[in-house]
Amino acid sequence: MEKKNLDWANLGFGYMIADYRYVSNYRDGRWDDGEIITESNITLNECAGVFQYSQSCFEGLKAYTTEDGHIVCFRPDLNATRMKDSCERLEMPVFPEERFVKAVEEVVKANAAWVPPFGSGATLYIRPYMIATNAVIGVKPADEYQFRIFVTPVGPYFKGGAKPLTIRVSDFDRAAPHGTGHIKAGLNYAMSLHPIVDAHKNGFDENMYLDPATRTKVEETGGANFIFITKDGKFVTPKSDSILPSITRRSLMVVAEKYLGMTVENREVLFSEVEGFAECGLCGTAAVISPVGKIYDHGREICFPSGMEEMGPVTKKLYDKLTGIQMGEIEGPDGWVHTIL
Ligand code: PLP
Ligand code: COI
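What the sequence shown shows, in our numbering, is residues 1 to 341, in sequence order.
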């Protein structure tokens, strides 16, 4: 199979139309068999549930080429389960978890030419999602849905790759207590658009959201969880019912403890503690691990000792181990690396 002729090393995090997508439709209480198609546009009724009441949720994972030429992805079963959780909270029909994983395999195989080569620095971003497709005008769940997966080759999420980011403490909330912060609902991201545009306008890379009830605890950013390294080398990461349970963060907790012998604390993190940490990073599928050099809090700057030039030394170790496992260079725990081709 011949790879597409792309400038892999210089890709940003953007959408590019690949050749194939996977589609399955839900009608009369059941999912159809699903198929790989070439059409990248969707035609829907003007009153479709997704347009009116934002009944939509999504997932994100990546496919990688390993050094020995296989195509793999990382813990797709956890994306399937998280999408099930999203669907249940949004009154959408669950796409069966084993079918989710099979559909990921099918669409990646069909688009093998779009999976960036090993060592190129790029990966294939896989975006499964579900939308309400039939007309709904009273506020209620739709009866018909589409589950779709498209793929697109991507480079780093943050411009500048591994350069430390500057984050600002947001005055907006991302999620309500007992709301939808713990699932991957499109509506959570709509809420974050104004704060992110405003952050960029003011020279910041992302927002740090605090817990909406007390504004004293660290939650997450618009698209990644936080990790912190203490001055005595512990791995600390916030626990909250209103943040997305990041698969990258859950994996890093294992890498830190089992591969690097670190003490791992998954607990409430007070914002007042942050200035005492040695390193800070954002973690997620798109973000991988992006180092944070500085946090701006209403005129006050918290500067981490790791500085604004490079990733902190412990963050770098975590990054190397995690990406080593994802790319098949380091043996990961059973079931983490899922071979597709
Ligand atoms: N938090 C939010 C709000 C996200 O959108 C994402 C991205 O999926 C993450 C965290 C990271 O999650 P994961 O590591 O599963 O990609
Ligand atoms: C991901 O990391 O997969 C995400 O969904 C984050 C994002 C691009 C919003």
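A virtual CB, placed ideally from N, CA and C, is assigned to each residue, including glycine.
* **Cβ pair Val-72, Val-337 closer than 8 Å** => For the purposes of this step, residue 72 is taken as residue 72 along the sequence shown, with counting starting at 1. For the purposes of this step, residue 337 is taken as residue 337 along the sequence shown, with counting starting at 1. Yes, these two residues count as a Cβ contact at 8 Å.
* To do: Pull up the distance between the alpha-carbon of Gly-49 and that of Val-136, whole angstroms please.
  => Along the sequence shown, one-based indexing puts residue 49 at 49. Along the sequence shown, one-based indexing puts residue 136 at 136. Spanning the two alpha carbons is a distance of roughly 5 Å.
* **6 Å CB neighbourhood of Asn-134 in its chain, flanking five on each side removed** => The residue labelled residue 134 in the question sits at position 134 within the sequence shown. The residues are Ala-142, Asp-143, Glu-144.
* Asked: When you compare only the Cα positions, how much space is there between Thr-230 and Thr-315?
  -> For the purposes of this step, residue 230 is identified with residue 230 of the sequence shown, where counting begins at 1. For the purposes of this step, residue 315 is identified with residue 315 of the sequence shown, where counting begins at 1. If I take the Cα positions, the gap works out to 11 Å.
* Would you mind stating whether Asp-32 and Ser-24 have Cβ atoms separated by less than 8 Å? => Start at 1 with the first residue of the sequence shown, and residue 32 comes out as number 32. Start at 1 with the first residue of the sequence shown, and residue 24 comes out as number 24. Yes, Cβ-Cβ distance for Asp-32 and Ser-24 is below 8 Å.
* Proximity test, Cβ basis, 8 Å: Ser-272 and chain C -> Here chain C cannot be found, since the structure has a single protein chain.
* Can you tell me where the alpha helix (DSSP H) with Leu-44 in it begins and where it stops? -> Along the sequence shown, one-based indexing puts residue 44 at 44. Neither: Leu-44 is in no alpha helix (DSSP H) and is coded neither H nor E.
* Asked: In or out: Gly-161 buried (at least 16 other Cβ within 10 Å) or exposed?
  -> Within the sequence shown, numbered from 1, the residue matching residue 161 stands at position 161. Per the 10 Å Cβ criterion, exposed.
* Asked: Hey, Phe-58 and Tyr-129: beta-carbon distance below 8 Å or not?
  -> Taking the sequence shown and counting its residues from 1, the one referred to as residue 58 is at position 58. Taking the sequence shown and counting its residues from 1, the one referred to as residue 129 is at position 129. Yes, the pair counts as a contact, with Cβ atoms nearer than the cut-off.
* **Three-state secondary structure assigned by DSSP to Met-208** => Along the sequence shown, one-based indexing puts residue 208 at 208. The answer is strand: DSSP assigns Met-208 an E or B state.
* For Gly-60 and Tyr-125, believed in contact at Cβ under 8 Å, the rounded distance -> Along the sequence shown, one-based indexing puts residue 125 at 125. Along the sequence shown, one-based indexing puts residue 60 at 60. About 7 Å separates the CB atoms of Tyr-125 and Gly-60; that is less than 8 Å, so the two are in contact.
* To do: Count the other C-beta atoms from every protein chain shown that fall within 10 angstroms of the C-beta of Met-83, then say buried if there are 16 or more, exposed otherwise.
  => Residue 83 sits at position 83 when you count from the first residue of the sequence shown. Its Cβ being crowded by 16 or more others within 10 Å, Met-83 is buried.
* Asked: Since Cys-280 contacts Ile-289 with CB under 8 Å, what's their CB separation in whole angstroms?
  -> What you label residue 280 is simply residue 280 of the sequence shown in a count that begins at 1. What you label residue 289 is simply residue 289 of the sequence shown in a count that begins at 1. Not quite, the Cβ-Cβ distance comes to about 11 Å (not below 8 Å), so this is no contact.
* Asked: For the beta strand (DSSP E) that contains Met-130, what are its first and last residues?
  -> In the sequence shown, the residue the question calls residue 130 occupies position 130. For Met-130, the enclosing beta strand (DSSP E) has its first and last residue at 123-132.
* Around the Cβ of Glu-206, are there at least 16 other Cβ atoms within 10 angstroms (buried) or fewer (exposed)? -> Within the sequence shown, numbered from 1, the residue matching residue 206 stands at position 206. With 16 or more Cβ atoms within 10 Å of its Cβ, Glu-206 is classed as buried.
* Indicate whether the contact test is met: 3 or more Cβ pairs, each with one atom in the segment 288-303 and one in the segment 253-265, closer than 8 Å. => no
* To do: Report the rounded CA-to-CA distance for Thr-237 versus Ala-110, giving the unit in angstroms.
  => As a first step, residue 237 is located in the sequence shown; it is residue number 237 there, counting from the start. As a first step, residue 110 is located in the sequence shown; it is residue number 110 there, counting from the start. If I take the Cα positions, the gap works out to 37 Å.
* Asked: Closest to Gln-326 by CA distance: which of His-182, Leu-252, Glu-301 is it?
  -> Along the sequence shown, one-based indexing puts residue 326 at 326. Of the listed residues, the one whose Cα sits closest to Gln-326 is Leu-252.
* Bounding residues of the alpha helix (DSSP H) (the contiguous stretch that carries Tyr-259) -> For the purposes of this step, residue 259 is identified with residue 259 of the sequence shown, where counting begins at 1. Per DSSP, Tyr-259 belongs to no alpha helix (DSSP H) and is neither H nor E.
* Asked: What are the boundary residues of the beta strand (DSSP E) that includes Tyr-145?
  -> The sequence position of residue 145 within the sequence shown is 145, counting from 1. Looking at the DSSP string, the run of the beta strand (DSSP E) that includes Tyr-145 is 145-154.
* Cβ of Gly-60 within 7 Å of any heavy atom in the ligand COI? -> Reading the sequence shown from its first residue, position 60 is the one you call residue 60. It does: the Cβ of Gly-60 is within 7 Å (strictly closer) of some heavy atom of the ligand COI.
* Asked: Residues in its own chain within less than 7 Å of Thr-66 by CB, not counting five upstream and five downstream?
  -> As a first step, residue 66 must be located in the sequence shown, where it is residue number 66. The answer, listed in chain order, is Val-72, Phe-118, Met-327, Gly-328.
* With a CB to CB cut of under 7 Å and the five nearest residues on each side skipped, what residues in its chain are close to Lys-3? -> Counting from 1 along the sequence shown, the entry for residue 3 is found at position 3. Around Lys-3, the same chain offers Ala-113, Pro-117 as residues with beta carbons nearer than 7 Å, after the five sequence neighbours per side are excluded.
* To do: Would you tell me roughly how many angstroms separate the C-alpha atoms of Ser-120 and Glu-331, rounded to the nearest one?
  => Working through the sequence shown from its first residue, we reach residue 120 at position 120. Working through the sequence shown from its first residue, we reach residue 331 at position 331. Whole-angstrom Cα-Cα distance: 21 Å.
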